[in-house]
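Numbering (our numbering), first residue to last: 1 to 425.
What follows is a short report on a single structure.
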RNA sequence: GGUGAGAUGGGUGAGUGGCUGAAACCAACAGUUUGCUAAACUGUCGUACGGGUAACUGUACCCCGGGUUCGAAUCCCGGUCUCACCGCCA
């Protein structure tokens with residue numbers, strides 16, 4: 001959520017940046033917010049005035065009654081009653097305009113950072129890094145969904161029986177590989193300074209709101225309606241919400257958390273080659289990194305996170321590229337996002353395996369996540385997060401890129417975790 | 001699931017109708033003292049929205065929402081959550 005003060009101080013700039021993100025009617029939305037807030041202020045001032053008088057009168061009545069001036073006291077009571085009546089109405093009007101401001105405000109996406117490329121579609125994303133050469137696979141190279149069956153490491157059909165499509169069952173070396181990757185990523189992250197946390201995987205409504213999934217994107221989450229809880233679509237939600245309603249000290253920065261969780265996404269409307277095999281699942285494993293940063297250096301933190309993720313991909317010996325997402329492709333809450341994509345050799349396409357974003361104060365404003373500055377005032381912190389990493393597509397790329405006649409080769413860095421060098425039949 | 005207790009500022013915890021936005025203590029921060037540390041002393045020490053260059057000042061908030069009253073942290077109703085015990089159980 002954008003800060004009202006920012007919108008009020010610089011509406012033109014806000015409108016221009018929103019248009020960069022291809023928001024329809026940015027100008028009328030912004031103007032509507034300012035108008036509604038003007039109204040709110042006016043009602044608030046009148047209400048405060050009325051309440052102030054009532055408080056004053058109540059004190060006088062107390063004194064009069066104490067001193068036995070009953071008649072005068074009764075007279076003032078009438079006066080208070082009248083004020084009370086009018087303040088009731090004022091309060092309603094204030095609440096209405098306040099609600100209107102809030103409703104409009106949550107509709108606005110974050111402002112894109114100045115470096116975000118213009119553009120609407122994934123084709124407009126800027127490639128900021130790409131490995132110089134893509135590997136050549138032999139003619140009989142297979143896509144990962146054939147390899148998983150061939151090696152008996154992932155059973156998609158079995159998952160369909162137990163739950164439905166998009167809930168695969170990992171078996172044998174496949175299951176072991178999952179466990180190895182999770183441990184490897186967590187170890188790498190903690191070695192880089194991140195504190196490992198295990199958050200709840202079901203989250204409440206307030207948490208969904210805090211990171212921006214609610215109110216508008218509830219369709220992407222599974223909803224346990226009896227208890228009104230949502231299955232986390234990413235550890236970002238529970239981990240970032242650890243810091244909801246928190247006021248940090250400046251010396252607390254940087255706050256670095258990493259968490260492994262399963263992730264659940266409904267992915268309504270997806271179809272075709274996008275959902276083939278491991279490309280897009282309803283349940284998948286992911287290790288996430290979350291950081292809270294001082295506004296002055298959150299972009300340095302973002303670059304540090306980007307470098308960290310790059311090292312992870314490289315250590316798995318996977319061909320990859322890094323994109324700076326364009327305004328139209330960025331998520332609602334992000335100010336700047338780097339996507340990491342690995343090359344799916346057999347499919348001949350790029351698969352997104354990590355998304356590293358700076359949300360600036362957009363989430364912090366919803367979360368009321370602040371820090372106390374040297375001047376004694378509270379300011380919104382910046383939140384950032386990234387996948388480090390999402391497993392299924394990493395696995396897909398590993399299977400396809402590392403297929404050899406003697407089996408699927410496990411990258412050296414991972415062997416201590418798997419305990420085997422090849423996945424074999 | 002059953003029964004009972006409770007929810008107050010960073011923490012402990014007082015407050016059962018009227019200068020109480022809230023005692024006291026602890027923690028924290030700043031300063032004095034000091035060779036350093038400690039101790040002692042002094043001061044500061046909730047959040048939000050307004051007004052004012054500022055000093056300052058208005059309003060709201062003692063879990064949430066209603067109600068009673070001239071006046072509510074305090075009384076009443078509804079809800080949520082937490083804790084304890086029992087039951088069940090990885």
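Here a beta-carbon is modelled for each residue, glycine too, at the ideal position from N, C-alpha and C.
In this text the structure is predicted, and so the values were computed from the model without any measurement.
Inset, instruction - Verify whether the separation of the beta carbon atoms of residue 301 and residue 388 is less than 8 Å. - result: no
Inset, instruction - Would you please state the rounded distance, in angstroms, between the beta carbons of residue 222 and residue 230? I believe it to be under 8 Å. - result: 7 Å
Inset, instruction - Return the chain-ordered list of same chain residues with a C-beta closer than 8 Å to the C-beta of residue 119, the five sequence neighbours on each side being excluded. - result: 125, 326, 327, 328, 329
Inset, instruction - Could you tell me which residues DSSP puts in a beta bridge with residue 366? - result: DSSP output for residue 366 lists no bridge partner at all.
Legend entry - Backbone CA spacing between residue 427 and residue 248 [nearest angstrom]: The displayed coordinates of the chain run from 1 to 425. Any statement about residue 427 would go beyond what the structure contains.
Inset, instruction - Leaving aside the five residues before and after residue 315 along the sequence, list all residues of the same chain whose C-beta is less than 6 Å from its C-beta, in chain order. - result: 413
Legend entry - Buried versus exposed, by CB contacts within 10 Å (16 or more), residue 271: exposed
Inset, instruction - Kindly give me the distance between the Cβ atoms of residue 321 and residue 127, rounded to whole angstroms, as I take these residues to be in contact under 8 Å. - result: 6 Å
Legend entry - residue 420 versus 174, 304, 80, residue with shortest Cα-Cα distance: Of the candidates 174, 304, 80, the one whose C-alpha sits nearest the C-alpha of residue 420 is 174.
Inset, instruction - Output yes or no for whether 8 Å exceeds the beta carbon distance between residue 397 and residue 137. - result: no
Inset, instruction - Could you name the residues of the same chain whose beta carbon sits closer than 8 Å to that of residue 37, not counting the 5 residues immediately before and after it, in chain order? - result: 4, 8, 97, 101
Legend entry - Of the residues 349, 151, 245, 289, the one placed nearest residue 399, counting alpha carbons only: Among 349, 151, 245, 289, the Cα nearest to that of residue 399 is on 151.
Inset, instruction - Taking only heavy atoms of the ligand GTP into account, decide whether any of them is closer than 7 Å to the Cβ of residue 385. - result: The ligand GTP is not among the ligands present in this structure, which contains no ligands whatsoever.
Inset, instruction - Take every Cβ of the region 141-150, pair it with every Cβ of the region 244-263, and state whether three or more of those distances are shorter than 8 Å. - result: Taking 8 Å as the limit for Cβ pairs, the verdict is that the region 244-263 does not touch the region 141-150.
Legend entry - the region 39-55 / the region 77-91 touching (three or more Cβ pairs under 8 Å): yes
Legend entry - Whole-angstrom distance between residue 283 and residue 169, CA atom to CA atom: Each residue's Cα considered, the two are about 10 Å apart.
Legend entry - Where the beta strand (DSSP E) containing residue 127 begins and where it ends: 126-130
Inset, instruction - Taking all protein chains shown into account, decide if residue 273 is buried (16 or more other Cβ within 10 angstroms of its Cβ) or exposed. - result: exposed
Legend entry - Three-way DSSP call (helix, strand, coil) for residue 172 in this model: coil
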